[in-house]
Amino acid sequence: MINILDQKLVNRIAAGEVIERPINVVKELVENAIDASAKHITVEVTDHLISVSDDGDGMSKEDLEKCVLRHATSKILNYDDLETVNSFGFRGEALSSIAAVSQMTITTKFKGDIEGYELQINGGMIISLKPIACSQGTSVEIRDLFFNTPVRKKFLDINENERIVEFLEKFALGTNVSIRLKFKDWVVLDVYAQDLMDRIAQVYGIELPKNLVKIEFANEDVKISGYVSKPSLVRKDKSMQALFVNGRLVENEEISLGLYEAYKSLLFVNKHPIVALNLEVQDVDVNVHPTKKIVKFTDSTKITKGIFEAIRGAFREERLEFQVQDNVLVREFLPREIRTYPKEENKRFVREIQKSLGSQKVDDKRYNHFPEIKILGQVAKTFFLAETDEGLLIIDQHVVEERINYEKFMKQYMGNNVAVQDLLMPEVLEFKASEAMALKRNLEKLKEYGFHVDEFGENTFRLLKVPVIFSKVKGSELLKELMVDFKDTEREDIITRMSCKKSIKAGDTVTNFEMMNLIKELDKCDYPFTCPHGRPTIVKFSLSDLEKLFRRKGF
Numbered sequence: 000m001i002n003i004l005d006q007k008l009v010n011r012i013a014a015g016e017v018i019e020r021p022i023n024v025v026k027e028l029v030e031n032a033i034d035a036s037a038k039h040i041t042v043e044v045t046d047h048l049i050s051v052s053d054d055g056d057g058m059s060k061e062d063l064e065k066c067v068l069r070h071a072t073s074k075i076l077n078y079d080d081l082e083t084v085n086s087f088g089f090r091g092e093a094l095s096s097i098a099a100v101s102q103m104t105i106t107t108k109f110k111g112d113i114e115g116y117e118l119q120i121n122g123g124m125i126i127s128l129k130p131i132a133c134s135q136g137t138s139v140e141i142r143d144l145f146f147n148t149p150v151r152k153k154f155l156d157i158n159e160n161e162r163i164v165e166f167l168e169k170f171a172l173g174t175n176v177s178i179r180l181k182f183k184d185w186v187v188l189d190v191y192a193q194d195l196m197d198r199i200a201q202v203y204g205i206e207l208p209k210n211l212v213k214i215e216f217a218n219e220d221v222k223i224s225g226y227v228s229k230p231s232l233v234r235k236d237k238s239m240q241a242l243f244v245n246g247r248l249v250e251n252e253e254i255s256l257g258l259y260e261a262y263k264s265l266l267f268v269n270k271h272p273i274v275a276l277n278l279e280v281q282d283v284d285v286n287v288h289p290t291k292k293i294v295k296f297t298d299s300t301k302i303t304k305g306i307f308e309a310i311r312g313a314f315r316e317e318r319l320e321f322q323v324q325d326n327v328l329v330r331e332f333l334p335r336e337i338r339t340y341p342k343e344e345n346k347r348f349v350r351e352i353q354k355s356l357g358s359q360k361v362d363d364k365r366y367n368h369f370p371e372i373k374i375l376g377q378v379a380k381t382f383f384l385a386e387t388d389e390g391l392l393i394i395d396q397h398v399v400e401e402r403i404n405y406e407k408f409m410k411q412y413m414g415n416n417v418a419v420q421d422l423l424m425p426e427v428l429e430f431k432a433s434e435a436m437a438l439k440r441n442l443e444k445l446k447e448y449g450f451h452v453d454e455f456g457e458n459t460f461r462l463l464k465v466p467v468i469f470s471k472v473k474g475s476e477l478l479k480e481l482m483v484d485f486k487d488t489e490r491e492d493i494i495t496r497m498s499c500k501k502s503i504k505a506g507d508t509v510t511n512f513e514m515m516n517l518i519k520e521l522d523k524c525d526y527p528f529t530c531p532h533g534r535p536t537i538v539k540f541s542l543s544d545l546e547k548l549f550r551r552k553g554f
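Under numbering that gives the first Met the number 0, think of the first position of the sequence shown as 0, with each following residue one higher.
What follows is the structure in structure tokens.
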């Protein structure tokens, strides 16, 4: 039998589409404040409370009663209005959805009115409405979010506050409204500047603007403005990418495609630029997702092309160099027979090399993995050629030291005896607010990795000690990368990345003597034939393989 659902249940189900976690509450309430012409917005978060206050236009008593009803909105009247909507909210679902899964109190005073009003709601049911003395604007307090949906509440995690910070950091770059965020008595974020560059400095620190490139671009399809980082300044995640369409913070594949195409050949793998861009577009649909974070363009190709041209054009003006993707000399002079090697023969060849590299018993400490190696020299400051009685070895200098560093540090870490050394001059580090929260929560965990850090002010810390094995790496750079890892990375990955950071890089000059010492160290490793990422440290060409490549045998 088909039943018509109770309206209270309908509201609770609908709330699940719009309000998935606390960050959605903050987003909807802050956007409502912007729509109400607020100049100052304050967000406060405690264990069981989210409060958003503004100095906007406020609401009359009549509008206050309507605002928590589903599909009640002041933004649109008919379908045609959807085509031109400029406000953040327009569905009339946000407040009703939040009210359905929380205990809500709204205090508001409409501009010009003598008194304000307070509305209390519990799980979608109006409890009281009464006059109250208050200043112009609106304050919404949300208590015990998801109190009546325990399954959803169960799946909230300790990173909820950091998600709120990260959202507001990005959101603050798309408006000139003053935004303040407080956790209990701690002011985590305070952004009030009018100029975008100044706001970026307030959100991410005063050093960042030095490494940004200004974007000003317009064609008949899109107008783009903002800043992107130089290719030399990148992140290991996308947490510092703020993309706006007509002032709305969004996620969009077409924009991302144009962005990464513009940086193509300028970024290492899994590195991401810092971005604060606003696109002004006429033909865009913002009504494709319950949270309105996804938009669709009528002609996405033009948007992708516009982003690409905007960033590449700015880079050309900055005279940033581009790396050539395809080495023509190598392509032209590599023997055709090698380039067109039969697939099955090539697979067999690779299997034989892998077999020769991986067949040794790595747990036999008496075994010499690399007998009688003669180092021939460095190639392109990246690889080394070496000769053995069995043939030729090609050695990746970075990967070799990465494996050595990984096993040395992992053994110290697993034995709870990471060797540390004091810095002669403690390094003072400034973090963006969300990273500062993560760092504060992980101070003891960092000690396990040999980093001794203490608090030194608002979003500022001092680095006092570092692991001896990584003493040659600038501790502040390594620590900042680690804070990204601590959010969602396993122990082995953290140590892998630390080892990678410390190791010799492609482009570093290494002497034959130094390389020979590295080979001796590699020989002591438990797993000498791959780096922690799984890449080979050494590729072996037997004499037989070389003879076949030069058609001396087997043809």
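Here a beta-carbon is modelled for each residue, glycine too, at the ideal position from N, C-alpha and C.
Annotated three-state conformation of glutamate 43 is strand, per DSSP. Here DSSP, grouped into helix, strand and coil, assigns serine 543 to helix.
Sequence-distant Cβ neighbours of threonine 381 in its own chain, meaning closer than 6 Å and more than five residues away, are Ala505. Following the DSSP letters along the chain, one finds valine 24 inside the alpha helix (DSSP H) bounded by residues 21–34. DSSP, read as helix, strand or coil, puts lysine 270 in coil. Taking leucine 442 as reference, the option from Lys431, Glu454 and Ser433 with the minimal CA-CA separation is Glu454. Scanning the region 381–460 for uninterrupted alpha helix (DSSP H) segments of 4 residues or longer gives 396–413, 432–440 and 442–447, listed from N- to C-terminal end.
When C-beta atoms of the region 430–441 are compared with those of the region 388–408, fewer than three pairs fall below 8 Å, so the two segments do not count as touching. Look at the beta carbons and you see the region 541–550 touching the region 382–393: at least three pairs across the two are nearer than 8 Å. For methionine 196, the uninterrupted alpha helix (DSSP H) run begins and ends at 195–203, by DSSP. Taking C-beta atoms as the reference points, phenylalanine 383 and methionine 497 fail to come closer than 8 Å. The count of Cβ pairs closer than 8 Å, one atom from the region 117–134 and one from the region 36–46, stays below three, leaving the stretches out of contact. If the five residues before and after threonine 303 are omitted, its C-beta is found closer than 8 Å to the C-beta atoms of Glu253, Ile254, Leu256, Gly257 and Glu260, all from its own chain and listed in chain order. For proline 208, the closest of Ile97, Leu232, Asp54 and Lys222 by C-alpha to C-alpha distance is Leu232. The C-beta of leucine 242 has 16 or more other C-beta atoms within 10 Å across all chains shown, which makes the residue buried. According to the DSSP assignment, methionine 124 belongs to the beta strand (DSSP E) that extends over 124–131.
Relative to the Cα of alanine 385, the nearest Cα in the group Asp395, Ala379, Lys373 and Glu406 belongs to Lys373. Within the model, the alpha-carbon separation for isoleucine 163 versus isoleucine 22 is close to 5 Å.
Assignment of isoleucine 372 by DSSP, reduced to helix, strand and coil, places it in the coil class. Taking the Cβ atoms as the reference, valine 419 lies roughly 12 Å from valine 452, outside the contact range of under 8 Å.
Within the same chain, Glu429 come within 6 Å of threonine 459 by CB-CB distance, once the 5 residues on both sides are set aside.
Taking 8 Å as the cut-off, the Cβ atoms of isoleucine 273 and valine 212 do not count as close. Annotation for valine 538: Ile393 place their beta carbon closer than 6 Å to its own, counting only its chain and skipping 5 residues before and after.
Collapsing the DSSP output to three states places aspartate 492 in a helix. Annotation for phenylalanine 182: the continuous beta strand (DSSP E) segment containing it runs 177–182.
Counting of Cβ neighbours within 10 angstroms places asparagine 251 among the buried residues, the total reaching 16 or more. A direct Cα-to-Cα measurement between phenylalanine 307 and arginine 247 gives close to 20 Å.
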